[in-house]
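J.:
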């Protein structure tokens, strides 16, 4: 199983190399300008096909009883190349600055690699095993916790402190920056609690205090200081309590 997983990780590694390390920026710009007529589109697809061929070929040669063959290696590499070309061509008609399209693009590429890997294995058992593991109570509990500490808890905390928000006049902050910072903060705190690294949370709070309160020294800023402190403590404490509850649940199961 370790060798099989190495193949999947190898495919992901060469995908990352081909998409980021080995792709000049001018190739990306040419795709968005010339689209299907861009030679760089086909060069990029050929690069990914060649990298996939190398990984699949090496895996086939190193496994004496593998399901791989030259035909399967060629088929897998061709699948990667053609699908990469099609996905990148579709992406060239969308806005390059939108995060959602970037994430969708990468997700589709990874799904193709997963399909190639499962075909090479000749079995869907790894996917079945993963699906069964995903729906175990400890894993579901952790997933629920991470979902809760994002948007739902942002709404709850905003409702708790909204009675004081009208008293705060702070036009110098970015739009929705506080909510985004709070989400990242809770995700990090939850992760540290689940990893039993409670001490690190203290360093996180200290670092945030320096950044957020460094310029709030005047008496006129006292309300803003108290407002930010209240939001921070609510954010961190809810994430910590949730993380501790998940740990109790998972350790008892």
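Residue numbers (my numbering): 178 to 430. Built from N, CA and C at the ideal position, the CB exists for glycine as well.
With a cut-off of 8 Å, does the C-beta of residue 336 fall near any C-beta of chain D?
T.: In summary, chain D is missing from the structure at hand, where a single protein chain is found.
J.: Provide the residue span of the alpha helix (DSSP H) that contains residue 268, from first to last.
T.: From DSSP, the alpha helix (DSSP H) with residue 268 extends over 247-268.
J.: Which stretch, first to last residue, makes up the alpha helix (DSSP H) that contains residue 282?
T.: 276-298 is the extent of the alpha helix (DSSP H) around residue 282.
J.: Please state if the CB of residue 193 and the CB of residue 229 are separated by a distance shorter than 8 Å.
T.: no
J.: Using 10 angstroms around the beta-carbon of residue 265, count the other beta-carbons present and answer buried if the total reaches 16, otherwise exposed.
T.: buried
J.: Using a Cβ-Cβ cutoff of less than 8 Å, which residues in the same chain neighbour residue 327 once the five nearest sequence positions on both sides are dropped?
T.: 360, 363, 364
J.: To which residues of the same chain is residue 217 closer than 7 Å at the C-beta, ignoring the five residues directly before and after it?
T.: 204, 207, 208
J.: Taking DSSP as the reference, what is the three-state secondary structure of residue 185?
T.: Secondary structure of residue 185 (DSSP, three-state): helix.
J.: With a CB to CB cut of under 8 Å and the five nearest residues on each side skipped, what residues in its chain are close to residue 221?
T.: 195, 200, 204, 208, 261, 262, 265
J.: Specify the secondary structure class of residue 320 as computed by DSSP and reduced to three states.
T.: helix
J.: Would the beta-carbon of residue 420 fall within 8 Å of that of residue 382?
T.: no
J.: Within 10 angstroms of its Cβ, does residue 294 collect 16 or more other Cβ (buried), or is it exposed?
T.: buried
J.: Does the Cβ of residue 317 have 16 or more other Cβ atoms within 10 Å, making it buried, or fewer, making it exposed?
T.: An exposed status is given to residue 317, since fewer than 16 other beta-carbon atoms sit within 10 Å of its beta-carbon.
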